[in-house]
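Heads up: the sequence shown begins at 49 in our numbering, then just goes up one per residue.
Virtual Cβ for every residue (Gly too), placed ideally from N, Cα, C.
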Amino acid sequence: HEAGWMVEMPKASMYVWAKIPEPYAAMGSLEFAKKLLNEAKVCVSPGIGFGDYGDTHVRFALIENRDRIRQAIRGIKAMFRADGLLPASSKHIHENAE
49 HEAGWMVEMP KASMYVWAKI PEPYAAMGSL EFAKKLLNEA KVCVSPGIGF GDYGDTHVRF
109 ALIENRDRIR QAIRGIKAMF RADGLLPASS KHIHENAE
């Protein structure tokens with residue numbers, strides 16, 4: 049949420065099914081997944097791999113430890129900042145938490 053990307057946390061699974069943020073929606077899930085990999089250094093599954101109706105979403109697997117997940121969030125925030133979607137000084141309180 050702190051990156052401006054509203055996603056629901058899973059209640060009973062290790063996957064997050066996240067709607068692609070509106071500024072990137074026209075890209076489709078495959079191109080958005082490539083952008084996340086190349087620019088944010090975050091790997092997700094493109095929703096199109098789960099059927100035609102999944103092309104508006106990507107899937108995150110929450111299989112890494114807390115530090116790696118925080119690293120992924122920082123990468124996504126950096127990409128959003130570079131694309132002008134977040135102010136340059138946007139920093140979340142939990143980024144440096146233990």
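So what's residue i in DSSP terms, helix, strand or just coil?
| i | result |
| --- | --- |
| P135 | coil |
| A126 | helix |
| P94 | strand |
| A66 | strand |
| A73 | helix |
| R120 | Here residue 120 is Ala; the residue named in the question, Arg, does not match the sequence. If DSSP states are grouped into helix, strand and coil, A120 belongs with the helices. |
| E112 | coil |
| A60 | coil |
| G102 | helix |
Give the range of the alpha helix (DSSP H) segment to which residue i is assigned.
| i | result |
| --- | --- |
| K83 | G76 to K83 |
Run the CB neighbour count on residue i, radius 10 Å, all protein chains shown included, and call it buried at 16 or more, exposed below.
| i | result |
| --- | --- |
| E146 | Any answer about E146 is weak, because its pLDDT of 37 lies below 50 and its placement is not dependable; what the coordinates show is given next. Flag for E146 reads exposed. |
| Y72 | buried |
| I124 | buried |
| M127 | buried |
| A120 | buried |
| A88 | buried |
With a CB to CB cut of under 7 angstroms and the five nearest residues on each side skipped, what residues in its chain are close to residue i?
| i | result |
| --- | --- |
| P69 | W53 |
| K67 | T104 and H105 |
| A109 | M62 and Y63 |
Going by beta carbon distance, what residues of the same chain come within less than 8 angstroms of residue i, once the five residues before and after it are set aside?
| i | result |
| --- | --- |
| I96 | G76, S77, L78, G102 and D103 |
| E112 | A120 |
Just to confirm the assignment, what range does the beta strand (DSSP E) spanning residue i have?
| i | result |
| --- | --- |
| A109 | H105 to A109 |
For residue i, collect the residues of the same chain with a Cβ closer than 6 angstroms to its Cβ; drop the 5 residues on either side in sequence, then sort them by chain order.
| i | result |
| --- | --- |
| L84 | V90 and V92 |
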